[in-house]
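In short: position in the sequence shown from 1, add 39, done, that's our numbering.
Below is one structure; the comments refer to it alone.
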Amino acid sequence: MTSKDSNVSSVPELTDFEVSYSLLTNEVYLSTSFTDNMDCIPSWPLQEFPDQLICISRAKAVALIEELQKAINYMDAGIDRSPGSLLQ
Numbered sequence: 040m041t042s043k044d045s046n047v048s049s050v051p052e053l054t055d056f057e058v059s060y061s062l063l064t065n066e067v068y069l070s071t072s073f074t075d076n077m078d079c080i081p082s083w084p085l086q087e088f089p090d091q092l093i094c095i096s097r098a099k100a101v102a103l104i105e106e107l108q109k110a111i112n113y114m115d116a117g118i119d120r121s122p123g124s125l126l127q
């Protein structure tokens, strides 16, 4: 099956990251590396995703941490939040 035969597509999967920050600007910097999340499927046409350096305000970083922790807690509790989420 190729990506043209399916409605499934590649999504960048975070494989590595480094974090730094600036007290002067009150920002967090996230240096990231990605891989194709479909790389485990034989004959899937792999897509390359570039490394990125992302700047996040302190307030957004705190909100991101809270949302990530909420998702982990739901996963640990076996609660499925699929309806209305990004992935359908």
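The C-beta atom is built at its ideal place from N, Cα and C for all residues, glycine as well.
Close-in-space but distant-in-sequence residues of the same chain around LEU107 (CB under 6 Å, 5 per side omitted) = The sequence position of residue 107 within the sequence shown is 68, counting from 1. Taken in chain order, the list of residues that qualify is empty.
Nearest-angstrom Cα distance between PHE56 and THR71?
-> If you number the sequence shown from 1, residue 56 lands on position 17. If you number the sequence shown from 1, residue 71 lands on position 32. Approximately 4 Å, taken between the alpha carbons.
How about GLN86 and SER49: do their beta carbons lie closer than 8 Å?
-> Your numbering for residue 86 matches position 47 in the sequence shown. Your numbering for residue 49 matches position 10 in the sequence shown. Yes; because the gap between Cβ atoms is below 8 Å, this pair is in contact.
Neighbourhood of PRO51 by C-beta distance below 6 Å, restricted to the same chain and skipping five residues each side = As a working note, residue 51 is residue 12 in the sequence shown. PHE73, PHE88, listed in sequence order.
Classify LEU107 as helix, strand or coil using the three-state DSSP reduction.
-> The sequence position of residue 107 within the sequence shown is 68, counting from 1. Helix at LEU107.
On the DSSP bridge assignment, give the partners of CYS94 in chain order.
-> Against the sequence shown, residue 94 aligns to sequence position 55. Answer is TYR68, bridged to CYS94.
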